[in-house]
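Counting along the sequence shown from 1, when you hit position 340 you're at 339 in numbering that gives the first Met the number 0, and nothing is skipped either side.
Heads up, the thing below is written out as structure tokens.
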Amino acid sequence: MKCVIIGMGPAGIACAETLLQEDASVEVTIIASDKAPYSRCMLHYYLDGERSFDNLNFAPKGFFTDNNRLTVMPSKNVSEVDSVLKNVIFDDGTKVGYDKLLIATGAKPFVPPIEGLHDAKNRCVFRDIDDVDKIIENAKPNSKCVIVGAGVAALDAAYGLLEKGVDVSLIEMFPRISPLQLDDKAAYTYQKLFEEHGAKFYLGRRVISVDLDENSNATAVNTVFASAVSFDNNEKIPCDFLIVVAGVRPNFAFLKDSGIQTDKSILVKRNMQSSDIDVYAAGDCAGQSGIWPNAKNQGVVAAKNMLGCKEEYTDIYAMKNTMNFYGLTTLTIGNVNVDDTNCQSDVYEDRNLYYRYVIKDNKIVAVLLQGSIARMGIWLHIIKNNIDVSKIKKPLHKIRYSDFYKVDEKGAFEYAI
Ligand SMILES: Cc1cc2nc3c(=O)[nH]c(=O)nc-3n(C[C@H](O)[C@H](O)[C@H](O)COP(=O)(O)OP(=O)(O)OC[C@H]3O[C@@H](n4cnc5c(N)ncnc54)[C@H](O)[C@@H]3O)c2cc1C
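What follows is the structure, encoded as structure tokens:
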């Protein structure tokens with residue numbers, strides 16, 4: 000059987016690994032516009048010069064070179080999928096046939112429709128290695144960079160630039176940084192750390208236009224309060240270049256005439272199969288989550304189903320996020336900012352730790368652990384298994400794995416709650 004995978008991110012590579020491991024007769028072809036696999040989560044280390052491009056490669060050692068059933072086609076751009084004749088078609092008109100196809104093409108940065116923003120030649124995004132190369136070209140010491148957005152990826156970019164001595168300003172519509180992953184307190188702790196390293200934040204503000212010079216380079220970004228109806232509270236933030244990190248959209252434009260069903264993402268069933276029985280999708284392009292571990296797990300599930308095993312992707316915890324800046328680590332599982340009057344929060348704080356648990360009907364629905372994420376496994380276990388925490392007679396921050404198991408009369412561990 001000939002399996003073709005478009006994309007060499009975590010979803011594509013995990014799918015290829017699983018196919019080759021589980022079936023000795025399968026032939027796999029990986030196609031990607033990327034020139035080699037690299038971790039997007041580590042782009043900030045490439046930006047600040049801490050890692051070379053080769054050191055971002057996350058594929059298992061020897062994976063591409065030591066496997067005679069694997070064909071790798073890097074730097075190839077897919078422009079179409081012919082699902083009737085089962086061909087993947089490249090922008091130079093050449094094609095590759097498949098029996099089963101996985102689409103794992105990730106996501107594309109979203110650039111909002113703001114006057115001047117699309118035309119600015121010195122406007123960068125932050126998703127692919129070429130984007131970072133363009134940022135590096137602009138990032139001279141003491142140059143001024145405005146970052147539109149202050150989510151996790153924007154903070155990654157800011158971190159890398161601050162390390163290079165760039166003067167960084169971040170603009171965020173929400174009144175706090177990383178608004179989706181953090182609550183006010185956890186966000187403020189990171190904000191202070193970034194400010195200590197030179198960053199400036201413009202929170203609760205939105206960009207209304209970008210000033211361009213005669214060469215179409217942005218020279219300043221105009222902002223107003225996010226809720227403003229008039230533009231008379233304009234604050235102009237000067238820049239030598241700017242980066243837009245304002246979210247991403249699943250990447251599947253090349254499926255336009257394929258007949259494969261899409262909406263805001265490629266539509267898939269729980270086994271990662273698309274509306275075409277021989278075509279699967281996994282990772283960011285399948286729209287169920289935008290994080291690495293989930294992309295990887297979906298790639299594995301897709302591979303098993305491509306081989307005929309029946310397996311479903313069941314990890315519904317799309318909102319699981321870790322971040323680590325300036326030695327401060329934070330984990331968020333679920334929506335800690337949930338707007339539900341039936342939820343209560345339980346908070347634990349000391350000098351180095353801030354833990355917040357969101358509880359509904361005695362079940363934990365979200366957790367934020369800042370300062371130490373050592374107990375991440377316990378909280379995933381509690382949330383996934385819908386455990387009634389009212390039965391645990393100790394403060395939540397003191398819970399250990401041992402609280403969930405007891406030894407039965409034969410000496411085996413068993414679930415105790
Ligand atoms: C700056 C940044 C920081 C991040 N930090 C974290 C983090 O800390 N934790 C976390 O969990 N996640 C993080 N993420 C998200 C994570 O990187 C993604 O969820 C993950 O990479 C998605 O994997 P994927 O396999 O779906 O797609 P991607 O990794 O995006 O790979 C897509 C692949 O498809 C190929 N491709 C796309 N279009 C075509 C085409 N037309 N033809 C041929 N090939 C094509 C590309 O070349 C690429 O190989 C971060 C992302 C960014 C950008």
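The beta carbon of each residue, even a glycine, is placed where N, CA and C say it ideally should be.
Of the residues 360, 5, 35, 374, the one whose Cα lies closest to the Cα of residue 60 is 35. Between residue 250 and residue 312, the gap from beta carbon to beta carbon reaches 9 Å or more. For residue 323, the secondary structure class from DSSP, reduced to helix, strand or coil, is strand.
Using a 10 angstroms sphere on the CB of residue 180, the tally of other CB atoms reaches 16 or more, which defines it as buried. In this structure, DSSP gives residue 188 a helical state, which the three-state scheme calls helix.
For residue 279, the enclosing beta strand (DSSP E) stretches over residues 278–280. By the beta-carbon neighbour count (other beta carbons within 10 angstroms, threshold 16), residue 52 is exposed.
Under a 10 Å Cβ-count criterion, residue 367 is classified as buried, with 16 or more other Cβ atoms of the shown protein chains found around its own Cβ. Counted as a single uninterrupted DSSP element, the beta strand (DSSP E) harbouring residue 96 occupies residues 94–96.
Assignment of residue 299 by DSSP, reduced to helix, strand and coil, places it in the helix class. Between residue 138 and residue 172, the C-beta spacing is not below 9 Å. Here the stretch 107–116 makes contact with the stretch 237–251; the two share three or more CB pairs at distances below 8 Å. Residue 352 sits in coil when the DSSP states are folded into three classes, being neither helix nor strand. When rounded, the separation of the alpha-carbon atoms in residue 145 and residue 206 is 11 Å.
At a Cβ-Cβ threshold of 9 Å, residue 97 and residue 277 count as neighbours.
If you draw a 10 Å sphere on the C-beta of residue 373, you find fewer than 16 other C-beta atoms in it, and that means exposed.
The residues 175, in chain order, have a CB closer than 7 Å to that of residue 183 in the same chain once the five nearest residues on each side in sequence are set aside. Our two residues, residue 377 and residue 395, have alpha carbons roughly 11 Å apart in a direct line.
In this structure residue 204 is buried. Its beta-carbon is surrounded by 16 or more other beta-carbon atoms within 10 angstroms. The stretch 191–204 makes no contact with the stretch 74–92; the number of CB pairs closer than 8 Å stays below 3. Taking a contact as a CB-CB distance under 8 Å, the pair residue 3 and residue 95 counts as one, their CB atoms being some 6 Å apart. Approximately 26 Å separates the beta-carbon atoms of residue 11 and residue 153; this is outside 8 Å, ruling out the contact.
In the three-state scheme derived from DSSP, where H, G and I count as helix and E and B as strand, residue 28 is classed as strand. Membership of residue 166 in the beta strand (DSSP E) is indicated by the continuous run 166–171.
The continuous stretches of beta strand (DSSP E) do not include residue 340, and DSSP gives it neither H nor E. With a cutoff of 9 Å on beta-carbon distance, residue 302 and residue 15 are scored as near each other. Along the length of the stretch 247–283, whole beta strand (DSSP E) runs at least 3 residues long occupy 247–249, 278–280, reported in chain order. The alpha-carbon of residue 1 is positioned some 29 Å away from that of residue 55. In the pairwise beta carbon analysis, the stretch 260–270 is classified as not touching the stretch 160–171: fewer than three pairs are separated by under 8 Å.
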